[in-house]
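Okay, so here's the structure we're looking at.
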Amino acid sequence: MTVIDASALTKFVLKEDGWKEVAPYLKAGTVSVDLVVKEVANAVWKMFKKGAFSIEESKTILNALKEIVEKVVKIEGEHEYIDEAIKIAFNRDITIYDSLYIAMAKVKGLNLLTIDETQANAAEAENIATIILE
Numbered sequence: 002m003t004v005i006d007a008s009a010l011t012k013f014v015l016k017e018d019g020w021k022e023v024a025p026y027l028k029a030g031t032v033s034v035d036l037v038v039k040e041v042a043n044a045v046w047k048m049f050k051k052g053a054f055s056i057e058e059s060k061t062i063l064n065a066l067k068e069i070v071e072k073v074v075k076i077e078g079e080h081e082y083i084d085e086a087i088k089i090a091f092n093r094d095i096t097i098y099d100s101l102y103i104a105m106a107k108v109k110g111l112n113l114l115t116i117d118e119t120q121a122n123a124a125e126a127e128n129i130a131t132i133i134l135e
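Counting in my numbering, the sequence shown runs from 2 upward without gaps.
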């Protein structure tokens, strides 16, 4: 089981360069905080606003996201990790959003899968094994 953050799940859902690298982790088992759904959905919305996707394409992608989080990614409430996330955010100078994924990995003793180098550095500073995809 691996904690997947929004950057990695966004890469997969939007089929960005290297998206297939995420698939083996999804197949092996991933978990995330419920924030991941909002963050990935927001990334889809941003791409729609930029004209990268039509409204219909955006709906299709969001339906795929919904299916992924229902069937593949185990979702847990972020409230369980907020206290640890706040500590990490202040100690490592990163956002609470990013800290939530780190906190989950820390509390559960799991690896973290991310694309975000700043987040990866903070996770490693917290002694969390981190998988960084490009």
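Where is the CB? At the ideal position from N, CA and C, for every residue including glycine.
Please classify residue i: does DSSP put it in a helix, a strand, or coil?
i              : result
asparagine 128 : coil
threonine 11   : helix
threonine 119  : helix
threonine 61   : helix
isoleucine 133 : strand
leucine 114    : strand
isoleucine 95  : coil
lysine 16      : coil
valine 74      : strand
Quick check on residue i: buried or exposed, where buried means 16 or more other Cβ atoms within 10 Å of its Cβ?
i                : result
isoleucine 56    : exposed
phenylalanine 91 : exposed
lysine 21        : exposed
glutamate 118    : exposed
lysine 163       : In the structure as shown, the chain begins at 2 and stops at 135. Residue 163 is therefore absent and cannot be evaluated.
alanine 29       : exposed
alanine 123      : buried
Since I believe residue j is in contact with residue i (beta carbons under 8 Å), could you give me their beta-carbon distance rounded to a whole number of angstroms?
i            : j             : result
glutamate 85 : alanine 106   : That pair is no contact at about 10 Å.
valine 45    : isoleucine 62 : 5 Å
alanine 7    : valine 32     : Not quite, the Cβ-Cβ distance comes to about 13 Å (not below 8 Å), so this is no contact.
leucine 111  : glycine 19    : 22 Å between Cβ atoms; not a contact.
Within the same chain, show all residues whose beta-carbon is closer than 6 Å to that of residue i, passing over the 5 residues directly before and after it, in chain order.
i            : result
leucine 114  : Thr3, Ile5, Ala9, Tyr26 and Ile132
glutamate 79 : Val34, Asp35, Leu36 and Leu101
aspartate 99 : Gln120
valine 38    : Val70
For residue i, which residues in the same chain have their Cβ closer than 7 Å to its Cβ, ignoring the five residues on either side in sequence?
i           : result
alanine 65  : Val14
alanine 126 : Arg93
For residue i, which residues from the same chain have a beta carbon less than 8 Å from its beta carbon, with the 5 sequence-adjacent residues on both sides left out?
i            : result
glutamate 77 : Val32, Ser33, Val34, Asp35 and Met105
- Could you tell me which uninterrupted beta strand (DSSP E) segments, each at least 3 residues in length, are contained entirely in the stretch 19-49, listed from first to last along the chain? 31-34
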